[in-house]
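Report on the structure given below.
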Amino acid sequence: MIKVKKRKILLLPGDGIGPEVIAEVKKIIEWFNKKKSLDFEMEENLIGGASYAKHKKPITDEVFYKALESEAVILGAVGGPQWDNLEFSKRPERALLKLRKELKLFANLRPAICFRQLVDASSLKPEIVSGLDIMIVRELTGGIYFGEPRGIKPIENGERKGINTHTYTSSEIIRVAKVAFELAQKRNKKVTSCDKSNVMEAGILWREEVQKVKDEEYPNIELNHMLADNCAMQLLRDPKQFDVIVTDNLFGDILSDEAAMLTGSLGLLPSASLGAKDKNGKMRSMYEPVHGSAPDIAGAGKANPIATILSFSMALRYSLDLDKEAENLDQAVQKVLDDGLRTKDILSKGKKEVSTSQMGDAIISKLK
Ligand code: NAD
28 MIKVKKRKIL LLPGDGIGPE VIAEVKKIIE WFNKKKSLDF EMEENLIGGA SYAKHKKPIT
88 DEVFYKALES EAVILGAVGG PQWDNLEFSK RPERALLKLR KELKLFANLR PAICFRQLVD
148 ASSLKPEIVS GLDIMIVREL TGGIYFGEPR GIKPIENGER KGINTHTYTS SEIIRVAKVA
208 FELAQKRNKK VTSCDKSNVM EAGILWREEV QKVKDEEYPN IELNHMLADN CAMQLLRDPK
268 QFDVIVTDNL FGDILSDEAA MLTGSLGLLP SASLGAKDKN GKMRSMYEPV HGSAPDIAGA
328 GKANPIATIL SFSMALRYSL DLDKEAENLD QAVQKVLDDG LRTKDILSKG KKEVSTSQMG
388 DAIISKLK
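Remember, my numbering sits 27 above the position in the sequence shown when you count from 1.
Have a look at this one:
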């Protein structure tokens, strides 16, 4: 068989259940290499607490440069109680922040898909969430989490003042808006942009710039503007009205968690963080499940690997231009759920409980 592609993938399992869920992705990558003649070059390295235990830092320069060179970084999870008392700069989470910042990953993509087989796991009525498929695009490197001035300072009368600054420039808004419009182009051609333009100047700028991008470059996409508080309500009232939602860092943080919960379980939710393309057209990116390191179930074979497997599927689609393979993998996950196999977190009456690796094997057995 002819080898057609050679792609560098960096796997960073991290801590807790991270290594268990990444092990299943590794098996899937090996399957694609063997059965589909894809030539993924996999490398695995330490991050988070695991890196601290060996190197006394949450990420080494060597791993950081490997991430820069890779076409996609797939991360498990970092953190755990044994590292909670470390000084701030050494904590496992610093590795993630460094990667997001230095790779300039400005767009965070979080799909909220309600699998029909798991519709009962949602706290909303089945008819509200069944068939739900929305994509939230959150701006990740600007806004109030990064704006200056910031801090806590003493003021008169012995009081103190906490300060954070919400700022956005046109270019920061335009680049994330383009990500949302491009995604909508491949989906249902509908973007909802959320802001608070009724009370914030930065919100007025957000609304104007997003509208300009649509008018100039994406005339075929339907664009609606919605106030972020209304969006929070609409997500609960009628979430299926949305296709792609684009919003800033703060509102995106909250709205993406809200949307995630419509779908039921943390063990099913993937995410992608995308950066700008370099001069060779290569886009930096990192893919990771939304969940954390779940120390309470680490090592017990109970972790659901689907969130990480679907994160790899997003990497196939967005970084590696392998849409057909992504579809193959998504379908395999659906078929396993159709067969009634469940890890403990999504187990319900009449379904069969399987371990992390049995779930991975079952998904592989459904790949075409
Ligand atoms: P968590 O997501 O790790 O766990 C929350 C609950 O969900 C736990 O009961 C856990 O058992 C369950 N759960 C999570 N993922 C699961 C999966 N794949 N399968 C089955 N059950 C799953 O959140 P937490 O308990 O708040 O945090 C634990 C550690 O993870 C902390 O150190 C935290 O800082 C870290 N964390 C890391 C990330 C990341 O790496 N991106 C994100 C969130 C939390």
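Virtual Cβ for every residue (Gly too), placed ideally from N, Cα, C.
| Item | Value |
| --- | --- |
| Stretch-stretch touch, CB-based, cutoff 8 Å, three pairs: the stretch 138-147 with the stretch 108-124 | no |
| Close Cβ partners of residue 295 (< 6 Å) along its chain, the five nearest in sequence each way excluded | 333 and 334 |
| According to DSSP, residues forming a beta bridge with residue 271 | 162 and 218 |
| Status (buried if at least 16 other CB within 10 Å, exposed otherwise) for residue 124 | exposed |
| Endpoints, beta strand (DSSP E) assigned at residue 67 | 65-71 |
| Whole-angstrom distance between residue 70 and residue 90, CA atom to CA atom | 10 Å |
| Nonlocal neighbours in the same chain, by C-beta distance under 8 Å from residue 388, ignoring five residues either side | 54 |
| Top-ranked residue by Cα proximity to residue 283, from 211, 258 and 72 | 258 |
| Reduced DSSP secondary structure (H/G/I, E/B, other) of residue 314 | strand |
| Residue 182 (DSSP reduced to helix, strand or coil) | coil |
| Exposure label - residue 297; buried when at least 16 CB within 10 Å | buried |
| Residue 366: CB within 7 Å of a non-hydrogen atom of the ligand PLP | Absent from the structure shown: the ligand PLP. Ligands present: the ligand NAD. |
| Residues that residue 192 bridges to, as DSSP identifies them | 174 |
| Neighbourhood of residue 121 by C-beta distance below 6 Å, restricted to the same chain and skipping five residues each side | 85 |
| The ligand NAD heavy atom lying under 7 Å from the CB of residue 106 | yes |
| Beta carbon of residue 272 nearer than 8 Å to that of residue 161 | yes |
| Residue 322 CB to nearest heavy atom of the ligand NAD below 7 Å | yes |
| Where the alpha helix (DSSP H) containing residue 330 begins and where it ends | Neither: residue 330 is in no alpha helix (DSSP H) and is coded neither H nor E. |
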